[in-house]
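Colleague: In this note's numbering, the protein residues as written are 6 to 409. Below you'll find the structure I mean.
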């Protein structure tokens, strides 16, 4: 007789509820691994999609995602004339939070170098790319902005002309794509009263200087638009995206750009490493620790249940020994029960995760290698959990069944 199946039939409720509990624990373990995979996917998604071979950022910084970076917009023209460079584009990235429909709306703003970059590389599920220099945006569906929706950012209204799916930042906030000029206007927007006060303060500073006393006409210039004052630089962008010519030597281009002291150059892989080492590493370690703890808890639960079931059938085990069953057979039966419990729990975890993970607020990405590794871990833990029951079963004396 198969003692494992026989015992399960006699204790169906205990086995089912224990297996369900183990399955829920394993689903959480599986989900944490998927969340980590999702974090990596979301962190590197834009770097992979944007189609840049090199990222030129502010010198000594790790921008534009892991750290704030500011470079002059005309750096684009300097980079474009470097031998081997086919294309150079301005790029802006920043995060903002507004209120839309009475609810908080948090988004990651990406500025594209329109008209050279109209967002044609963005995977659209509806609508179109940016066809105008101002007042249009492409939004991810996670933001809940339908096509044609108009949202006020700063002092202007922007219309949603395209939608993407699954494009989010490292914090899980949906991506939006504007032209660079619009992205800068949103980023550096200040209230009208603040502008008036700054102009008045600027005029007062000029009036108190010798230059202002000698040339009174400068007072009107100081109180005017900042863009009309040559000494004020234009707003800076986050980075310059560089696309190399086919067959160009990337190392040679980097050597040339590396001689410029005001910038730092990163390759695609280096940009990914910056994101993963800084922004994702702590989350990876924390999720990994929770996974280890949950696996240990699952092992303990299986061990206790197997041990309890073994205690309930000590007379059956003694009878098997009395009729000549070997210890190897008895140990194999207990091991089968532990493996069956672990396998059923793994199946429950996979089925529940398949239906529940898509409803999680962050992407849960389960890959086949993760399932295989978790399956191997379940087999090892189930085997380890059965040792306590096997140890108890092997200590049973055959004459126990005759004692009462």
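Don't be surprised by glycine CBs; every beta carbon is placed ideally from N, CA and C. Since this is a predicted model, take the numbers as computed values, not measurements.
For residue 47, does the count of other Cβ atoms within 10 angstroms reach 16, so buried, or fall short, so exposed?
Modeller: By the 10 Å Cβ count, residue 47 comes out buried.
Colleague: Is it true that the CB of residue 71 sits closer than 8 Å to the CB of residue 95?
Modeller: No, the pair does not count as a contact, with Cβ atoms beyond the cut-off.
Colleague: Where are the beta strand (DSSP E) runs, 3 residues long or more, that stay fully inside the stretch 8-68, in chain order?
Modeller: Runs of the beta strand (DSSP E) inside the stretch 8-68: 59-63.
Colleague: Using a Cβ-Cβ cut-off of 6 Å (strictly less than) and excluding sequence neighbours within five positions of residue 19, which residues of its own chain qualify?
Modeller: Excluding residues within five positions, none has a Cβ falling inside 6 Å.
Colleague: Relative to the C-alpha of residue 307, which candidate in 249, 192, 242 and 390 has its C-alpha closest?
Modeller: Answer by Cα proximity: 390.
Colleague: Distance, Cα to Cα, residue 305 vs residue 312?
Modeller: Whole-angstrom Cα-Cα distance: 10 Å.
Colleague: So who's on the other strand from residue 369, going by DSSP bridges?
Modeller: DSSP, once it has assigned bridges, lists no residue as partnering residue 369.
Colleague: Between the beta-carbon of residue 98 and the beta-carbon of residue 243, is there less than 8 Å?
Modeller: Yes. Within cutoff.
Colleague: Between 323, 399, 385 and 211, which lies nearest to residue 346 when the distance is taken from Cα to Cα?
Modeller: When each option's Cα is compared against that of residue 346, the closest is 385.
Colleague: If you pair each beta-carbon of the stretch 168-184 with each one of the stretch 132-144, do three or more pairs fall below 8 Å?
Modeller: As far as the Cβ criterion goes, the stretch 168-184 touches the stretch 132-144, which means the pair count is three or higher.
Colleague: Considering just the uninterrupted stretch of the alpha helix (DSSP H) at residue 189, what are its terminal residues?
Modeller: Looking at the DSSP string, the run of the alpha helix (DSSP H) that includes residue 189 is 185-192.
Colleague: DSSP state of residue 140, grouped into three classes?
Modeller: Here residue 140 sits in coil by DSSP.
Colleague: Which of the three DSSP states, helix, strand or coil, is assigned to residue 118?
Modeller: Looking at residue 118 - three-state DSSP - the assignment turns out to be coil, as it is neither helix nor strand.
Colleague: Near residue 74, which residues of its chain fall below 7 Å by C-beta distance, leaving aside the five closest residues on each side in sequence?
Modeller: Excluding positions up to five away in sequence, the list reads 62, 63, 66, 68, 243 and 244.
Colleague: Take residue 402 as the anchor and find which of 319, 125 and 138 has the nearest alpha-carbon.
Modeller: Measuring from the Cα of residue 402, the nearest candidate turns out to be 319.
Colleague: How about residue 168 and residue 152: are their beta carbons less than 8 Å apart?
Modeller: Yes, these two residues count as a Cβ contact at 8 Å.
Colleague: Quick one: give me the first and last residue of the alpha helix (DSSP H) that residue 303 is part of.
Modeller: Residues 286-317.
Colleague: Whose CA, out of 381, 240 and 352, lies closest to the CA of residue 116?
Modeller: Answer by Cα proximity: 240.
Colleague: To the nearest angstrom, report how far apart residue 336 and residue 397 are at their CA atoms.
Modeller: Their Cα atoms are separated by approximately 10 Å.
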